[in-house]
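**Q** Top line first, the protein sequences correspond to chains B and E.
Counting the first sequence from 1 gives a position; the working numbering is that position plus 36.
Counting the second sequence from 1 gives a position; the working numbering is that position plus 36.
There are 2 protein chains.
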Amino acid sequence: MNMTLAEETTLLTRQELLARLKDVGARRYHHQHPFHLRMHRGELTRGQLQAWTLNRYYYQSRIPIKDSLILAKSDDPAFRRAWRKRILDHDGDQDGYGGVEKWIQLAQASGVSREQVVPCTRVLPGVRYAVDAYLALVRDHSLLIAVASSLTELFSRDLISLRMDQLKLHYPFLTPGLAYFEGRLTQAPEDAEFALDYVSTHAKTRAEQEQVIGALEAKCAILWAQLDAIDYAYVTPGNTPPDAFVPDCE
Amino acid sequence: MNMTLAEETTLLTRQELLARLKDVGARRYHHQHPFHLRMHRGELTRGQLQAWTLNRYYYQSRIPIKDSLILAKSDDPAFRRAWRKRILDHDGDQDGYGGVEKWIQLAQASGVSREQVVPCTRVLPGVRYAVDAYLALVRDHSLLIAVASSLTELFSRDLISLRMDQLKLHYPFLTPGLAYFEGRLTQAPEDAEFALDYVSTHAKTRAEQEQVIGALEAKCAILWAQLDAIDYAYVTPGNTPPDAFVPDCE
Chain B
37 MNMTLAEETT LLTRQELLAR LKDVGARRYH HQHPFHLRMH RGELTRGQLQ
87 AWTLNRYYYQ SRIPIKDSLI LAKSDDPAFR RAWRKRILDH DGDQDGYGGV
137 EKWIQLAQAS GVSREQVVPC TRVLPGVRYA VDAYLALVRD HSLLIAVASS
187 LTELFSRDLI SLRMDQLKLH YPFLTPGLAY FEGRLTQAPE DAEFALDYVS
237 THAKTRAEQE QVIGALEAKC AILWAQLDAI DYAYVTPGNT PPDAFVPDCE
Chain E
37 MNMTLAEETT LLTRQELLAR LKDVGARRYH HQHPFHLRMH RGELTRGQLQ
87 AWTLNRYYYQ SRIPIKDSLI LAKSDDPAFR RAWRKRILDH DGDQDGYGGV
137 EKWIQLAQAS GVSREQVVPC TRVLPGVRYA VDAYLALVRD HSLLIAVASS
187 LTELFSRDLI SLRMDQLKLH YPFLTPGLAY FEGRLTQAPE DAEFALDYVS
237 THAKTRAEQE QVIGALEAKC AILWAQLDAI DYAYVTPGNT PPDAFVPDCE
């Protein structure tokens with residue numbers, strides 16, 4: 037994590053902290069990644085979308101594991117009750133599918149089967165290492181840093197909203213698989229508000245505030261690197277690494 | 037790790053195990069990576085070589101840490117005495133520079149300074165995650181798997197020998213920085229022979245032999261993914277991620 041300003045001692049106001057976090061998002065969130073830009077311009081092939089849904093499933097499938105690691109860090113039942121919602125959102129319950137299942141539906145809409153997606157055997161190593169780095173970040177650092185790493189959700193609503201429009205427009209075959217994004221439109225802002233309130237209250241020194249900002253930067257890099265790996269492997273012929281998923285169409 | 041054949045129970049002979057390991061190398065070792073192929077054809081720019089030396093320094097700098105984790109796994113003084121050589125090879129002693137210092141000299145020959153290289157602040161996230169995955173592989177698994185993950189050295193002599201010829205030919209400005217590879221020409225085969233003897237002796241079941249093969253596959257993927265990240269970021273304009281190193285020339 038970047039701790040360039042850790043020597044500063046003046047506590048940021050809540051508004052100043054939020055401004056710093058938004059600045060991180062403007063510069064580093066993956067809405068600006070070349071692969072997303074091409075996706076939203078309608079330039080991806082169906083095969084490239086298959087590679088995206090199959091690889092990103094590894095990230096999606098690790099979210100409730102990441103949230104379980106966060107639950108295990110807290111000794112506060114009220115915090116755990118609030119955070120538990122995220123595991124339910126992804127794992128579902130008797131009333132409906134969770135986000136992990138909905139992502140499988142998106143993968144199926146792109147043309148890859150449940151059997152190809154769920155075992156994660158053909159995930160790009162670069163995607164796997166990035167997601168595992170997220171689990172390590174959460175596991176090996178404080179609850180404050182772990183919560184702060186979720187703050188990318190501050191920026192996800194705008195990206196998901198744009199993405200839904202562009203996917204429907206350019207890749208209509210994906211339309212039956214968009215329930216995941218539909219759900220995240222309301223879940224992500226709720227989650228982001230809770231996490232922002234948490235870090236604003238619990239970062240009590242400037243050094244802790246800088247840890248919060250550094251955790252958001254680290255998480256942005258983790259999201260970005262996943263798209264680097266996908267873009268590298270599935271755009272230029274010859275770049276797909278040994279044993280990685282190969283789409284069944286262009 | 038790929039454990040596809042773990043259900044087999046027939047113990048492989050020493051020759052059969054070596055043949056399986058060589059087959060992994062033929063298909064997955066990074067001598068076949070597109071970035072290396074272009075390097076050896078003389079197609080890389082000086083800036084791309086700078087990006088390679090700076091990013092790969094993160095891997096080089098973690099080798100003695102990886103070997104220290106392996107030392108800490110063994111309760112056998114004879115094993116530790118033998119393995120300790122690797123730390124000396126990379127960290128050096130009063131009689132000479134080690135491999136880490138020699139890699140800095142290679143980076144300097146490419147045109148990046150010690151101050152740019154050593155802090156690792158501009159290393160690509162994708163390279164960092166891959167190298168950290170190597171440390172996790174060694175830290176979180178058995179001594180047998182940790183030793184087996186070093187078996188890529190079975191294949192490194194041929195690659196280094198070819199690389200030295202091609203670097204001198206196509207990029208003569210690197211010639212003063214090739215001492216690292218010179219040293220590895222003799223160190224790597226010695227180390228590989230020791231590790232091969234160790235895994236041949238200590239993998240006493242077919243399942244353990246498959247773990248050895250899986251560890252080599254996992255290590256090959258870790259080396260390959262580092263080059264994926266470098267190739268992605270420094271070949272196509274616009275792909276360099278936020279805050280990554282930017283070469284000072286084409």
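We treat Cβ as the ideally placed atom computed from N, Cα and C, and that holds for glycine.
Note that the structure is predicted; figures quoted are calculated from it, not measured.
Counting only beta-carbon separations shorter than 8 Å, does M39 of chain B have a partner in chain E?
**A** Confidence in M39 of chain B is poor, its pLDDT being 49 and thus under 50, which makes the residue's placement unreliable; the coordinate value appears in the next sentence. Answer no: the Cβ-Cβ gap between M39 of chain B and chain E never drops below 8 Å.
**Q** Would you call the CB atoms of L48 of chain B and Q247 of chain B closer than 8 Å?
**A** Against a cut-off of 8 Å, the Cβ pair of Q247 of chain B and L48 of chain B comes out as no contact.
**Q** Have a look at H72 of chain E and E218 of chain E and give me their C-alpha separation to the nearest angstrom.
**A** Their backbone Cα atoms lie some 18 Å apart in a straight line.
**Q** Tell me the rounded alpha-carbon separation between K58 of chain B and H238 of chain B.
**A** Cα to Cα, K58 of chain B sits roughly 19 Å from H238 of chain B.
**Q** Between the Cα of C285 of chain E and the Cα atoms of E:G83, E:A182 and E:G274, which residue gives the shortest distance?
**A** Out of E:G83, E:A182 and E:G274, E:G83 has the C-alpha closest to the C-alpha of C285 of chain E.
**Q** Do R64 of chain B and C308 of chain B count as a contact pair if the criterion is CB distance below 8 Å?
**A** No information on residue 308 of chain B is available, as it lies outside the stretch 37 to 286 that chain B covers here.
**Q** Measure the alpha-carbon distance for T272 of chain B versus V271 of chain E and round it to whole angstroms.
**A** Distance between the alpha carbons of T272 of chain B and V271 of chain E: 11 Å.
**Q** Hey, how far is the Cα of T276 of chain E from the Cα of T45 of chain E?
**A** If I take the Cα positions, the gap works out to 47 Å.
**Q** Near D103 of chain B, which residues of its chain fall below 6 Å by C-beta distance, leaving aside the five closest residues on each side in sequence?
**A** Closer than 6 Å at Cβ, skipping near neighbours: R122 and I123.
**Q** Kindly list, in the order they appear in chain E, the residues whose Cβ is closer than 7 Å to that of N275 of chain B.
**A** Here the neighbours are P70.
**Q** Would you identify the three-state DSSP class for G250 of chain B, choosing helix, strand or coil?
**A** Correct three-state label for G250 of chain B: helix.
**Q** For G132 of chain E, name the three-state secondary structure that DSSP assigns.
**A** Here G132 of chain E sits in strand by DSSP.
**Q** Indicate whether at least one CB of chain B lies closer than 8 Å to the CB of T45 of chain E.
**A** Not an interface residue.
**Q** Might you give, ordered along the chain, the residues of its own chain that have their beta carbon closer than 6 Å to the beta carbon of T188 of chain B, omitting 5 neighbours on each side?
**A** These residues qualify, in order along the chain: K255.
**Q** Out of E:E229, E:D112, E:K138 and E:D201, state which residue places its alpha-carbon closest to the alpha-carbon of L179 of chain E.
**A** Ranking the options by Cα distance to L179 of chain E, first place goes to E:D112.
**Q** Indicate whether the contact test is met: 3 or more Cβ pairs, each with one atom in the stretch 211-226 of chain E and one in the stretch 148-155 of chain E, closer than 8 Å.
**A** Touching, no.
**Q** In the structure shown, what three-state DSSP assignment does N38 of chain E receive?
**A** Bear in mind that a pLDDT of 49 at N38 of chain E, under 50, signals an unreliable position, so the number given afterwards is only what the model happens to contain. It is coil, neither helix nor strand.
**Q** Which residues bound the alpha helix (DSSP H) around E229 of chain B?
**A** Per DSSP, E229 of chain B belongs to the alpha helix (DSSP H) from A215 to H238.
**Q** Is E286 of chain B helix, strand or coil when you go by DSSP?
**A** Three-state result, E286 of chain B: coil.
**Q** At a Cβ cut of 9 Å, what residues of the stretch 108-130 of chain B count as close to chain E, listed as they run along the chain?
**A** Those would be none; no residue qualifies.
**Q** State buried or exposed for M39 of chain B, treating a residue as buried only when at least 16 other CB atoms are found within 10 Å of its CB.
**A** Per-residue confidence for M39 of chain B stands at a pLDDT of 49, beneath the threshold of 50, marking its modelled position as unreliable; the derived number appears in the next sentence. Flag for M39 of chain B reads exposed.
**Q** Out of E:L173, E:V163 and E:R220, which has the shortest C-alpha to C-alpha gap to Y268 of chain E?
**A** If we check each option's Cα against that of Y268 of chain E, E:V163 comes out closest.
**Q** Check for me: the alpha helix (DSSP H) holding P100 of chain B runs from which residue to which?
**A** First-last of the alpha helix (DSSP H) with P100 of chain B: R82 to K109.
**Q** Check the C-beta distance from I106 of chain E over to W119 of chain E and give it rounded, since I have them as a contact under 8 Å.
**A** Contact holds; Cβ gap of about 6 Å.
**Q** If you count every other CB in all the chains shown that lies within 10 Å of the CB of A114 of chain B, and 16 or more means buried, which is it?
**A** A114 of chain B comes out exposed.
**Q** Pull up the distance between the alpha-carbon of Q202 of chain B and that of L259 of chain B, whole angstroms please.
**A** Spanning the two alpha carbons is a distance of roughly 20 Å.
**Q** Please report the straight-line C-alpha distance between F281 of chain B and I266 of chain B, rounded to a whole angstrom.
**A** Distance between the alpha carbons of F281 of chain B and I266 of chain B is about 11 Å.
**Q** What do you get for Q130 of chain B, buried or exposed, if any count of 16 or more other CB atoms within 10 angstroms of its CB means buried?
**A** Classification for Q130 of chain B: exposed.
**Q** Under 9 Å, CB to CB, which of the residues in the stretch 131-162 of chain E have a partner in chain B?
**A** Those residues of the stretch 131-162 of chain E that come within reach of chain B (Cβ to Cβ, closer than 9 Å) are T157, L160, P161 and G162.
**Q** Is it buried or exposed for K138 of chain E, if we count other Cβ within 10 angstroms and need 16 for buried?
**A** With 16 or more Cβ atoms within 10 Å of its Cβ, K138 of chain E is classed as buried.
**Q** Taking Cβ positions only, does Y268 of chain E come closer than 8 Å to chain B?
**A** By this cut-off, Y268 of chain E is an interface position.
**Q** Assign E52 of chain E to one of two classes, buried (16 or more other C-beta atoms within 10 Å of its C-beta) or exposed (fewer than that).
**A** Exposed, because fewer than 16 other Cβ atoms sit within 10 Å of the Cβ of E52 of chain E.
**Q** Under 8 Å between the Cβ atoms of L232 of chain B and L190 of chain B?
**A** In contact: L232 of chain B and L190 of chain B (Cβ atoms closer than 8 Å).
**Q** Helix, strand or coil: which one does DSSP assign to V154 of chain E?
**A** V154 of chain E falls in the coil class under three-state DSSP.
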